[in-house]
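Following full-length UniProt numbering, the numbering of the sequence shown begins with 1 at its first residue and continues without gaps.
Where a beta carbon is used, it is the ideal one built from N, C-alpha and C, also for glycine.
Notes follow the structure.
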Amino acid sequence: MVSGEEVSQSHELEVKVGASQVWELYSSLRLAQLVEEQLSTVIQKINVVEGDGGVGTVLHLFFVPGAARFSDYKEKFTKVDHEKRVKEAEVIEGGYLDFGFKYLRVRFEIIDKDDRSSIIKSTFEYQLNDDSAANVSLVSIDTLAALSLVVQNHLTPTPTPNLNPIFK
Numbered sequence: 001m002v003s004g005e006e007v008s009q010s011h012e013l014e015v016k017v018g019a020s021q022v023w024e025l026y027s028s029l030r031l032a033q034l035v036e037e038q039l040s041t042v043i044q045k046i047n048v049v050e051g052d053g054g055v056g057t058v059l060h061l062f063f064v065p066g067a068a069r070f071s072d073y074k075e076k077f078t079k080v081d082h083e084k085r086v087k088e089a090e091v092i093e094g095g096y097l098d099f100g101f102k103y104l105r106v107r108f109e110i111i112d113k114d115d116r117s118s119i120i121k122s123t124f125e126y127q128l129n130d131d132s133a134a135n136v137s138l139v140s141i142d143t144l145a146a147l148s149l150v151v152q153n154h155l156t157p158t159p160t161p162n163l164n165p166i167f168k
């Protein structure tokens, strides 16, 4: 990484669910609830500071002690485009900013493949101050990949096999 340069990391996951259904989850506050429930080894709590899930919504994320090098941060939704199915949020306080990041943005894009499948494209975009380049390791696309898998598992639950024995 060259100091002062914008860097991005992306992940794509194809899911066997139509884009409109995936977007319904990503574009709402239900995503925060799902993260809180399903990624509880990393995220301790997510508070809605203000907003209803649209542009301007501010979330305060609290991390499980030891799960990250910081205890919390606030993020603000800066874009929620229902036509293009794109959502962006930027860290506005704490977290990455305390470790020399000029900014850190998360972008989710839900790409339509066909009626029954879509692609979740998740991207981190960030820039570090020149004296903080060593902190680049704080950003891992694995976090967004895990979120995509949580969403996939939530929207496409595996049918539970019938575990009742059949008696003759």
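query, result
"Assigned secondary structure, Asn-47 (DSSP; H/G/I helix, E/B strand, else coil)", "strand"
"Beta-carbon spacing of Gly-100, Ser-132 below 7 Å", "yes"
"Glu-90 vs Lys-76 beta-carbon contact at 7 Å", "yes"
"Proximity winner among Leu-61, Leu-128, Gln-127 and Asp-112, relative to Lys-121 (alpha-carbon distances)", "Asp-112"
"Where the alpha helix (DSSP H) containing Val-35 begins and where it ends", "30–38"
"Glu-125 - DSSP class collapsed to helix/strand/coil", "strand"
"Length of the line joining the Cα atoms of Glu-109 and Pro-65", "30 Å"
"Local conformation of Asn-153 per DSSP, three classes", "helix"
"Distance CB(Gln-152)-CB(Val-15) smaller than 7 Å", "yes"
"Selected residue, minimal CA-CA separation from Arg-116, among Ser-8, Val-17 and Val-7", "Val-17"
"Inter-stretch contact at 8 Å, needing at least 3 Cβ pairs: the region 139–156 / the region 44–53", "no"
"Alpha-carbon spacing of Pro-157 relative to Leu-29, whole angstroms", "20 Å"
"Cβ-Cβ distance between Glu-83 and Arg-105 below 7 Å", "no"
"Within 7 Å, strictly: CB atoms of His-11 and Ile-119", "no"
"Given Trp-23 as reference, the closest of Ser-71, Ala-134 and Arg-107 once Cα atoms are compared", "Arg-107"
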